[in-house]
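Heads up: the sequence shown begins at 1 in the working numbering, then just goes up one per residue.
Only one structure is covered here, and it is reproduced in the block below.
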Amino acid sequence: MTVDVMTLVVSVPAPLHKRLQKTAETREETLSALVRQALAEYLARAESEADDAQFAVAVLNRIAEGSPTYTHETVWDTPVKEQRRTIVLDDYAIPQQGAFEIHTTVQIDVSADQAQRLARRFLMNEISHLLVADPPDLVVGAQTRWRVPVWIGFPGGGRHDVGVIEVDAQTGAFVDQAAHIAEISARAAVAADNLPPFAPRTDVPATSRTANLPEYQPTGD
């Protein structure tokens, strides 16, 4: 079997990419090493296929001899943060019983973290600094949007869920903004009205007292 040229896609981690930008010589040496490593891994996977194995062996031998037998395309990897999210199907027709298939394509241009930050900033600036935005769920329907749960906390009064803020997953615009603000404001007011009366402590717990504190001695003029 004759091997003249091959094209190999080499994936270079982002941290290594920064180091390779310093010198061209180091860059080429490292890329050649990555190519050899990729071919070796390919050979290990192709042992059951005689032609593929022979192909990989021939290329590796020519690389060892210094012959220009390959070209490479470098793909710079960028870290992609993936998180598990709850997906809600909005207004989706399903049968009463039996199997059914879900197939849809979703375009997300605004990440979950971005949607949460937008909601947090909006709540703080427009409604109350006591409101907190939790990580959102993805709602898939005619309009794909992030549904950000909102709750309010009071000192000594616990946590109360008061509604949601929805952010368009493509534009970052708020969805049904006025309706959500009205719901959040109303439910937060109800939660505040139902709080128990504040009862200040009249005693000092022993754990809060300073031990071995010198007795105060007033001084005369």
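Idealized CB from N, CA, C, for every residue including glycine.
Report task. Jot down the residue ranges of each uninterrupted beta strand (DSSP E) in the segment 111-199, minimum 3 residues, whole runs only, in chain order. Result -> With a minimum length of 3 residues, the continuous beta strand (DSSP E) runs that stay inside the segment 111-199 are 131-133, 137-140, 145-154 and 158-168.
Query raised in the report: Who are the near neighbours of residue 144 in its chain, counting only those whose CB is closer than 8 Å to its CB and skipping five residues on each side?
Result: Result list for residue 144: 106, 107, 108, 138, 168, 169 and 170, in chain order.
Query raised in the report: Would residue 89 pass as a contact of residue 140 if the rule is Cβ separation under 8 Å?
Result: Contact: yes.
Query raised in the report: With C-beta atoms as the reference, is residue 116 less than 8 Å away from residue 135?
Result: With respect to residue 135, residue 116 sits close: the two C-beta atoms are nearer than 8 Å.
Query raised in the report: What are the start and end residues of the beta strand (DSSP E) that includes residue 89?
Result: Where residue 89 is concerned, the enclosing beta strand (DSSP E) stretches over 87-89.
**Report entry** Which of helix, strand or coil DSSP assigns to residue 93
**Finding:** Here residue 93 sits in coil by DSSP.
Requested in this report: Kindly indicate which three-state DSSP category residue 207 falls into: helix, strand or coil?
Outcome: Looking at residue 207 - three-state DSSP - the assignment turns out to be helix.
Requested in this report: Name the residue from 156, 211 and 176 whose alpha carbon lies nearest to the alpha carbon of residue 200.
Outcome: That would be 156, whose Cα lies nearest to the Cα of residue 200.
Query raised in the report: Can the beta-carbon of residue 130 be found less than 8 Å from the beta-carbon of residue 150?
Result: The beta carbons of residue 130 and residue 150 sit no closer together than 8 Å.
Report task. Answer yes or no: do residue 119 and residue 133 have a C-beta to C-beta separation smaller than 8 Å? Result -> Yes; because the gap between Cβ atoms is below 8 Å, this pair is in contact.
Query raised in the report: Buried or exposed: which applies to residue 78, given that a residue is buried once 16 or more other Cβ atoms fall within 10 Å of its Cβ?
Result: Any reading at residue 78 is ruled out, since the residue's pLDDT is 46, under 50, leaving its predicted position unreliable.
Query raised in the report: How big is the Cα-Cα spacing for residue 162 and residue 202?
Result: Residue 162 and residue 202 have their C-alpha atoms some 33 Å from each other.
Query raised in the report: Roughly how many angstroms lie between the CA atoms of residue 188 and residue 152, to the nearest whole one?
Result: Inter-residue distance for residue 188 and residue 152 is about 7 Å (C-alpha atoms, whole angstroms).
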